Amino acid sequence: MNIITVIDCPKNARYRSVDGSCNNLRHPTWGQAGTAQRRLKDINGRPMVSYEDGKSLPRGFPNRLPDPRLVSNVASDPALGPFNQFDKIRTGQHMAFGQLLAHDFIETDIPSAYWEQINLLSSHVDASFLYGNQHNLTLELRVPNSFLMKTDPGNLLPTRKGGSCLKLTNNDRCPFAGDKRNHESPNLGLNHLIFVREHNRLSTQLHELNPCWSNEKVFQETRRIIIAQVQHITYNHFLPLVVDQDTMRQYNLYSKPNGFDNCYDDSVDASCLNSFGIAPWRYGHSQVMAEQSELKDDYKTIFEHKIEDNLLSPNLWQYGYGKHVTDLSRWLATEPALKIDNFLVEGLRDKLFFITSPPGSDLFALNIQRGRDQGVPAYNEWRKFCGLQTLRRFEDFGKFGSNLALVYRSVDDVDLFIGGLLEEGENGSVGPTFSCIIGIQFQRFKLGDRYWYESSDPDFAFTKDQLNSLKSTSLLSKIYCTNFGLNEMQDDIFMIPSLKNPVSFCRDLPEIDLYLWKDKTCVYEPHN
């Protein structure tokens with residue numbers, strides 16, 4: 061028996077819900093945490109799904125398709141190509157922010173015997189990595205009777221007893237954040253930390269400007285600003301380095317330079333697409349560097365730490381009350397990521413989580429298997445869906461075609477993940493198939509979000525001056541500088557410093573004008 065949950069949505073709510081419910085008043089569960097991921101439909105209106113039995117058995121089960129580890133060995137072993145090629149444009153922070161975003165809008169749960177996977181997170185770009193996606197979790201992350209987020213000594217992420225992180229020393233504690241995966245890598249932990257600090261910085265200033273505001277109002281207004289920053293940074297600085305410019309324009313992904321954009325369409329479902337999270341958005345695994353390192357302020361001295369030694373551990377940034385945070389962030393913000401391609405470093409392809417589960421796993425093979433488990437159709441089906449020419453011969457895959465022919469029986473069997481990674485994109489971006497799926501998803505995130513930061517809806521819109529300030533100052537480089545104690549930074553943190561992306565003193569980078577949030581009706585007695 062199907063149980064239908066009726067949600068009574070407030071019609072004029074100023075703040076979005078934590079779990080994503082009631083964003084769409086006609087369809088209150090669209091994008092809500094705990095709802096099914098969506099399937100794109102082919103030109104005949106049929107869902108893009110490929111279970112072996114039409115219901116739940118993985119594609120290719122039991123042995124029609126090659127073992128995922130074999131695919132990894134013939135297509136992703138660094139010994140097959142130039143070793144660890146660095147990106148000529150993107151920094152390590154571009155890789156790390158992509159992982160943070162992934163943990164903002166998707167975490168998959170696979171109930172037994174179900175053919176549709178559940179997204180445990182809200183699907184909107186709403187900083188749920190910071191605030192969580194359940195009301196009780198948000199309360200637990202906050203300082204009681206305050207507008208602040210909890211922190212530990214050293215202004216670090218809060219910790220709590222227990223937890224699933226790897227404790228390398230007796231002093232290590234498992235960090236606590238809006239998303240439980242925050243300790244997967246030091247780079248990810250730093251990105252969680254920066255937004256906790258940014259929330260506390262902005263909320264403190266808002267409280268000083270408006271002492272009559274309640275703690276709840278200060279918290280929620282800060283949350284609105286943080287979400288707007290994340291949305292603006294994602295669509296105008298991050299995404300243009302993921303997909304090509306044609307995709308950015310085709311799906312109207314850029315924000316308007318100034319003013320409002322009432323792009324919301326209540327017929328658009330912002331829910332996460334099954335195919336998006338399982339293959340295209342995993343492109344960033346190829347960007348991950350072999351080290352998680354510290355760069356001293358002379359920009360010459362580097363202390364390297366192998367990635368496989370620090371996965372699941374918060375030790376690098378917790379040590380000494382965060383004494384390495386500035387150096388770790390400086391390295392991440394200025395050193396190049398690896399190229400977007402079909403190679404994964406040894407720490408991910410052979411030694412993933414080897415400390416807790418020796419001898420380790422293969423992330424590339426896991427990605428292949430996950431795609432099959434979730435019934436994601438083969439690569440050629442997605443080429444067809446995106447209006448691209450399908451590949452007919454293994455030679456069409458380029459120099460790795462002959463290797464794929466050793467393990468796949470047909471080009472029509474090739475998995476989406478490896479097929480997409482073998483495509484070359486514009487200026488080092490992902491190729492056309494991944495661009496297509498990513499473009500569709502981020503268009504849905506934007507058009508299907510009633511609370512999109514550019515909206516002029518009188519119930520919750522920023523003023524025009526506030527919005528323009530957000531658009532002109534929402535630089536992750538400034539947020540980095542301000543919260544990690546750096547003295548200088550290139551203008552665009554996602555791009556390597558260059559003549560076109562010069563290094564500036566942090567004090568010269570534009571700062572949001574919070575005086576635009578000054579409440580002129582506010583009396584000067586604090587009210588909580």
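Its first residue numbered 61, the sequence shown is counted upward by one per residue in our numbering. C-beta atoms are modelled at their ideal positions from N, C-alpha and C, and glycine is treated no differently. Computed from a prediction, not measured in an experiment: that's the story for all the values here.
Check                                                                                                                             : Outcome
Length of the line joining the Cα atoms of Asp239 and His154                                                                      : 19 Å
In DSSP terms, what Lys366 is bridged to                                                                                          : Glu351
Contacts around Ser172, its chain only, beta-carbon distance under 6 Å, and the 5 residues preceding and following it disregarded : In this prediction, Ser172 has a pLDDT of 44, which is less than 50 and means its spatial position is unreliable; what the coordinates show is noted afterwards. Contacts found: none.
Cα-Cα separation, Asp475 to Thr229                                                                                                : 41 Å
Status (buried if at least 16 other CB within 10 Å, exposed otherwise) for Phe363                                                 : exposed
Gly192 vs Leu217 beta-carbon contact at 8 Å                                                                                       : no
Separation of Phe502 from Tyr75, as counted between CA atoms                                                                      : 22 Å
Sub-8 Å separation of Asp401 and Asp410 beta-carbons                                                                              : no
Extent of the continuous alpha helix (DSSP H) to which Ser564 belongs                                                             : Premise fails: Ser564 lies in the beta strand (DSSP E), Val563 to Phe565, not in any alpha helix (DSSP H).
Gln265 (DSSP reduced to helix, strand or coil)                                                                                    : helix
C-beta contact flag for Ile110 and Pro396 at 8 Å                                                                                  : According to the sequence displayed, residue 110 carries Ser and not Ile. Cβ atoms of Ser110 and Pro396: not closer than 8 Å.
According to DSSP, residues forming a beta bridge with Ser421                                                                     : Leu412
Which residues DSSP lists as bridging Gln503, in chain order                                                                      : In DSSP, Gln503 forms no bridge with anything.
According to DSSP, residues forming a beta bridge with Phe146                                                                     : Leu398
Val467 to Gly480 span [Cα, whole Å]                                                                                               : 17 Å
Pro235 versus Asp579 - alpha carbon distance                                                                                      : 36 Å
Neighbourhood of Met61 by C-beta distance below 6 Å, restricted to the same chain and skipping five residues each side            : Since pLDDT at Met61 reaches only 35, below the 50 mark, its modelled position is unreliable, and the value read off the structure follows with that caveat. Here the set comprises nothing.
Between the CA atoms of Asn231 and Lys506 - distance to the nearest angstrom                                                      : 43 Å
At least three beta-carbon pairs within less than 8 Å, the stretch 315-322 to the stretch 450-461                                 : no
Those runs of the alpha helix (DSSP H) which lie wholly inside the stretch 477-553 and span at least 4 residues                   : 492-507, 524-533 and 536-544
Proximity below 8 Å, CB of Leu301 to CB of Met308                                                                                 : no
Coarse secondary structure for Thr307, derived from DSSP in three states                                                          : helix
Other residues of its chain near Asp552: CB distance less than 7 Å, five sequence neighbours each side excluded                   : His297, Ser537 and Asn561
Below-8 Å beta-carbon distance, Ser132 vs any chain D residue                                                                     : No chain D appears in this structure, which consists of one protein chain only.
Contact set for Gln305: own chain, Cβ-Cβ below 8 Å, skip 5 residues either direction                                              : Glu486
Terminal residues of the alpha helix (DSSP H) in which Leu293 lies                                                                : In the sequence as displayed, the identity of residue 293 is Ile instead of Leu. Residues Asn275 to Ile293.
Three-way DSSP call (helix, strand, coil) for Ile178 in this model                                                                : strand
Asp68 (DSSP reduced to helix, strand or coil)                                                                                     : coil
Where Pro246 sits in the DSSP three-state scheme                                                                                  : helix
Rounded C-alpha distance that separates Thr450 from Gly222                                                                        : 50 Å
Delimiting residues of the alpha helix (DSSP H) encompassing Glu200                                                               : His195 to Leu201
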